[in-house]
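Asker:
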Amino acid sequence: MKKYMLFCAAGAVLLLSGCESMMEKSPAERAAEQRQLRMQQQLAQTQESSKSYESQIGQLYSAVRAMQDDSVAAEARIGELQRQLAATSQATQRHEQEIASLKQQLAAEQQARQEAINRMVDQVAKETASAINAASSRSSSASSSSKGTSSSSTATPPPGSYYEYTVQAGATLSAIAKAYKVTPEEIRDINKLKNDFLRVGQKLYIPKK
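So in numbering that gives the first Met the number 0, spot 189 of the sequence shown is number 188, and the numbers just go up one at a time.
Put into structure tokens, the structure is as follows:
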């Protein structure tokens, strides 16, 4: 009986040891399990990275949308500024045209006024010259008459050889000077005039040239 029990016990030990040997894994299996574990870890990391990339892509997409909105607003602002610039340019062009037209009108008026002044001066000069010639004729006649009545007397010119002129209406100092072919300064110096203002009926001495 004891031998039978020992034999059973030994058989159980052998059976257990065989089961343990059957439970042990080969190196290839362990390597496959390690590869599978690494792949699972890599897959998990890839999924995390994918989530991070998706988040970054979402942020970039939002930024792009914001930039597009800003670009649209900027284009609208640029368009508005261009319209304002075009309107300002048109207004400036109109103002320049108006200024050019006013300048032309002013130049034409100045020319017409100057021509009128010149005509007036010429007319006054002609009238003054006519008056001078008439006065000279009267003076010559009077001198001849005096010579005829008194043969012993001799004609003497006015002191300094001056013409005597009575200012007529509309006469100016420049017109009188032009008629007598002298300068206004000479007339002012001889007559002690402080300015070019003349009175109708005023007596002026004009130097003879």
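Just so you know, even glycine gets a beta-carbon here, dropped at the ideal spot from N, CA and C.
A quick note: this is a predicted structure, and the numbers were derived from the prediction, not measured.
Give the secondary structure of LYS125 by DSSP, where H, G and I count as helix, E and B as strand, and everything else as coil.
Answerer: Here residue 125 refers to the residue found at position 126 of the sequence shown. It is helical.
Asker: Would you mind sorting PHE196 into buried or exposed? The rule is 16 or more other CB atoms within 10 Å of its CB.
Answerer: Along the sequence shown, read from residue 1 onward, the residue named residue 196 stands at position 197. Per the 10 Å Cβ criterion, exposed.
Asker: Taking only three categories from DSSP, how would you classify LYS102?
Answerer: Stepping through the sequence shown from its first residue, residue 102 is reached at position 103. Helix.
Asker: Reducing DSSP to helix, strand and coil, say where LEU197 ends up.
Answerer: Numbered from its first residue, the sequence shown carries residue 197 at position 198. Coil, per DSSP.
Asker: Could you round the C-beta distance between VAL166 and ARG198 to whole angstroms and report it? I think they count as a contact, below 8 Å.
Answerer: Translated into positions along the sequence shown, residue 166 becomes position 167. Translated into positions along the sequence shown, residue 198 becomes position 199. Indeed, because the Cβ distance is near 6 Å, the residues count as touching under 8 Å.
Asker: Identify whether THR91 lies in helix, strand or coil by the three-state DSSP scheme.
Answerer: In the sequence shown, the residue the question calls residue 91 occupies position 92. In the structure shown, THR91 sits in a helix (DSSP, three-state: H, G or I).
Asker: Are the beta-carbon atoms of LYS208 and LYS180 separated by less than 8 Å?
Answerer: For the purposes of this step, residue 208 is taken as the residue at position 209 of the sequence shown. For the purposes of this step, residue 180 is taken as the residue at position 181 of the sequence shown. The answer is yes: Cβ separation under 8 Å.
Asker: Out of curiosity, what's the CA-to-CA distance linking ASP121 and GLN201?
Answerer: As a first step, residue 121 is located in the sequence shown; it is residue number 122 there, counting from the start. As a first step, residue 201 is located in the sequence shown; it is residue number 202 there, counting from the start. Spanning the two alpha carbons is a distance of roughly 21 Å.
Asker: What are the boundary residues of the beta strand (DSSP E) that includes LEU203?
Answerer: In the sequence shown, counting from the first residue as 1, residue 203 sits at position 204. That run of the beta strand (DSSP E) goes 202 to 206.
Asker: Count the other CB atoms, across all protein chains shown, that sit within 10 Å of the CB of LYS193; report buried if there are 16 or more and exposed otherwise.
Answerer: Translated into the one-based positions of the sequence shown, residue 193 becomes position 194. Looking at its Cβ environment, which holds fewer than 16 other Cβ atoms inside 10 Å, LYS193 is exposed.
Asker: Using the Cα positions of MET224 and ALA72, report the straight-line distance between them to the nearest angstrom.
Answerer: With the chain covering only 0 through 208, there is no way to say anything about residue 224.
Asker: Just reading off the beta strand (DSSP E) that THR182 is part of, what are its end residues?
Answerer: Mapped onto the sequence shown, residue 182 falls at position 183. Taken as a continuous stretch (DSSP letters only), THR182 belongs to no beta strand (DSSP E), as it is neither H nor E.
Asker: Ordered along the chain, which non-local residues of its own chain (more than five positions away) have a Cβ less than 7 Å from that of ALA170?
Answerer: Start at 1 with the first residue of the sequence shown, and residue 170 comes out as number 171. Hits under 7 Å: VAL123, THR127 and LEU197.
Asker: Over what stretch of residues does the beta strand (DSSP E) that includes THR165 continue unbroken?
Answerer: Translated into positions along the sequence shown, residue 165 becomes position 166. Residues 161 to 165.
Asker: Within the same chain, show all residues whose beta-carbon is closer than 6 Å to that of LEU203, passing over the 5 residues directly before and after it, in chain order.
Answerer: For the purposes of this step, residue 203 is taken as the residue at position 204 of the sequence shown. So the list reads TYR164 and ASN190, once near-sequence residues are dropped.
Asker: Rounded to whole angstroms, what's the CA-CA distance from SER48 to GLU74? Just pull it up for me.
Answerer: Within the sequence shown, numbered from 1, the residue matching residue 48 stands at position 49. Within the sequence shown, numbered from 1, the residue matching residue 74 stands at position 75. If I take the Cα positions, the gap works out to 38 Å.
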